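K.L.:
Here it is: the structure, laid out below.
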Amino acid sequence: MFWDQDDIDTVNAALSSGMNWAVGANVAEFENKLAEYTGTKYCLTFNSGTSALHAGLIAHGIGSGDEVIVPSFTFIATANAPKFVNAKPVFADIEEKTLGLDPKSVIKQITKKTKAIIPVHYGGCPCRIRELREIADDHGLILMEDAAEAFGATVNGKMVGSYGDSAMLSFCQNKVITTGEGGALITDSRDVYEKAKLVRSHGRLETADYFSTHETMDYVTLGYNFRLSNISASLGLAQIRKVDPMIAMRTQIAERYTSLLRKEVPAAKPMSVPEAYKHVFQLYSVRVPRRDQLMQYLTGKGIMTKIYFAPVHLTHYYRKELGYRVSLPVTERVASDIVSLPIYPGMPADDIEGVVRAMSDYYRMN
11 MFWDQDDIDT
21 VNAALSSGMN
31 WAVGANVAEF
41 ENKLAEYTGT
51 KYCLTFNSGT
61 SALHAGLIAH
71 GIGSGDEVIV
81 PSFTFIATAN
91 APKFVNAKPV
101 FADIEEKTLG
111 LDPKSVIKQI
121 TKKTKAIIPV
131 HYGGCPCRIR
141 ELREIADDHG
151 LILMEDAAEA
161 FGATVNGKMV
171 GSYGDSAMLS
181 FCQNKVITTG
191 EGGALITDSR
201 DVYEKAKLVR
211 SHGRLETADY
221 FSTHETMDYV
231 TLGYNFRLSN
241 ISASLGLAQI
251 RKVDPMIAMR
261 TQIAERYTSL
271 LRKEVPAAKP
281 MSVPEAYKHV
291 FQLYSVRVPR
301 RDQLMQYLTG
311 KGIMTKIYFA
321 PVHLTHYYRK
331 ELGYRVSLPV
341 TERVASDIVS
351 LPIYPGMPAD
361 DIEGVVRAMS
371 DYYRMN
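Below you can see the structure in the form of structure tokens.
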């Protein structure tokens with residue numbers, strides 16, 4: 011994550027106000043900025059991206075007996091969200107260029123029970139979202155983008171998150187912009203917006219600021235406490251003011267990694283970005299031989315790496331508790347050799363070179 015004095019000053023101002031820490035003007039302003047940036051009509055912030063996914067599925071009317079097509083190569087929240095509303099997650103395979111859902115695999119999974127597709131934009135690289143949009147339109151399905159890692163990414167200049175009927179954004183600490191924890195739902199649908207707004211705050215029909223009025227408000231549906239605080243939103247406002255420079259820094263670091271790896275570590279295979287795609291590099295992931303041994307070696311050198319992601323369908327919960335048995339050969343192949351290297355805005359050139367040097371040393375010795 012990246013922070014500067016503006017982040018500190020903006021959060022201090024919210025705290026120093028002495029009021030409206032839970033709900034306040036910063037929330038509405040942050041939502042307006044997010045909608046403006048992504049080119050969508052409506053935005054609702056949430057206390058996490060997971061909550062935004064949950065509320066979005068409710069708002070779209072997804073429920074018991076419905077099937078939702080998701081990737082297994084993702085953070086588990088993508089697959090779990092349909093379970094939250096008693097729907098069934100159905101896994102489709104990915105393709106190896108963007109590491110997003112393979113449209114051909116998605117088509118094979120569509121049944122009479124299918125109601126929605128949740129594609130993931132892996133690591134900041136847009137998936138084949140235009141093809142998935144066509145599939146959703148052809149089959150009368152809801153397309154709900156998981157853009158947790160891809161805030162600011164585009165395809166042909168059109169923002170990720172604006173292709174779907176709605177999209178989830180995440181502002182967890184390692185994302186492109188952060189509120190510490192937090193998320194958002196963006197959509198062009200007034201109906202989805204209003205329904206999700208009820209879900210976000212206990213199903214309460216809010217006609218005024220709940221914390222600043224003596225008015226009694228009605229509860230018209232089941233809801234949750236999914237709100238983002240005004241304090242967190244203040245950090246979001248400071249972060250979005252510098253989102254483009256932060257993305258530029260990530261891109262420069264990724265380009266430096268790729269250049270060095272191609273020269274020094276030919277065994278490593280960085281992702282290639284499709285033409286007309288803008289990758290924001292929330293992750294910098296490469297595919298490597300002897301991945302687990304390499305990670306162990308790098309840990310010994312004080313270099314932290316992570317596996318994003320282990321397949322969801324092979325977790326204990328899905329395999330043992332839910333009894334999933336599915337064939338996803340590309341997902342399993344990619345997940346067996348992918349590793350995410352350290353990346354953050356402002357990462358020193360010496361650190362980038364140190365990571366690559368350590369990788370080069372490992373493969374030279376092994």
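Quick note, the sequence shown lines up with residues 11 to 376 if you use my numbering.
We put the CB at the ideal spot given by N, CA and C, even for glycine.
Just so you know, these numbers come straight off a predicted model, no measurement behind them.
1) My understanding is that Leu208 touches Ile196, with C-beta atoms under 8 Å, so please give their C-beta distance in whole angstroms.
2) May I ask you to verify whether the segment 295–313 touches the segment 75–83, counting CB pairs closer than 8 Å and requiring at least 3?
3) For Thr214, list the residues DSSP reports as bridge partners.
4) Going by DSSP, what residue range makes up the alpha helix (DSSP H) through Gly66?
5) For a test of the three-state rule: what should DSSP assign to Ile127, helix, strand or coil?
6) If you draw a straight line from the alpha carbon of Gly333 to that of Ala89, how long is it in whole angstroms?
7) Where does the unbroken alpha helix (DSSP H) through Glu46 begin, and where does it stop?
8) With a threshold of 16 other CB atoms inside 10 Å of the CB of Thr121, please say whether the residue is buried or exposed.
9) Which residues in the same chain have their Cβ closer than 7 Å to the Cβ of Phe319, if we skip the five residues on either side of it in sequence?
10) How long is the line joining the alpha carbons of Ala258 and Met357, rounded to whole angstroms?
11) For Asp103, does the three-state DSSP call read helix, strand or coil?
12) Considering only residues of the segment 246–313, which uninterrupted beta strand (DSSP E) runs meet the minimum length of 3 residues and lie entirely inside it, listed in chain order?
13) Below 8 Å, how does it come out for the segment 158–166 and the segment 184–199: are there three or more Cβ pairs, yes or no?
14) Using a Cβ-Cβ cut-off of 6 Å (strictly less than) and excluding sequence neighbours within five positions of Gly174, which residues of its own chain qualify?
15) How is Phe56 classed by DSSP in three states: helix, strand or coil?
P.N.:
According to the structure shown:
1) Walking along the sequence shown from the start, residue 208 turns up at place 198. Walking along the sequence shown from the start, residue 196 turns up at place 186. Leu208 to Ile196, Cβ: 17 Å. No contact.
2) no
3) Position 204 of the sequence shown, counted from the start, is the residue given in the question as residue 214. Per the sequence shown, residue 214 should be read as Arg rather than Thr. In DSSP, Arg214 forms a bridge with Tyr229.
4) Numbered from its first residue, the sequence shown carries residue 66 at position 56. Looking at the DSSP string, the run of the alpha helix (DSSP H) that includes Gly66 is 59–69.
5) Counting from 1 along the sequence shown, the entry for residue 127 is found at position 117. Correct three-state label for Ile127: strand.
6) Working through the sequence shown from its first residue, we reach residue 333 at position 323. Working through the sequence shown from its first residue, we reach residue 89 at position 79. Answer to the nearest angstrom: the Cα atoms are 14 Å apart.
7) Locating residue 46 in the sequence shown gives position 36, where the first residue counts as 1. 35–48 is the extent of the alpha helix (DSSP H) around Glu46.
8) As a position in the sequence shown, residue 121 is number 111, starting the count at 1. Exposed: under 16 other Cβ atoms inside 10 Å.
9) For the purposes of this step, residue 319 is identified with residue 309 of the sequence shown, where counting begins at 1. Excluding positions up to five away in sequence, the list reads Phe83, Thr84, Phe85, Ala345.
10) Looking up residue 258 in the sequence shown gives position 248. Looking up residue 357 in the sequence shown gives position 347. Distance between the alpha carbons of Ala258 and Met357: 12 Å.
11) As a position in the sequence shown, residue 103 is number 93, starting the count at 1. Three-state DSSP puts Asp103 in coil, outside helix and strand.
12) 294–297
13) yes
14) As a first step, residue 174 is located in the sequence shown; it is residue number 164 there, counting from the start. If we look at Gly174 and ignore the five residues flanking it on each side, its Cβ neighbours are Leu153, Met154, Glu155.
15) Position 46 of the sequence shown, counting from 1, holds the residue named residue 56. Looking at Phe56 - three-state DSSP - the assignment turns out to be strand.
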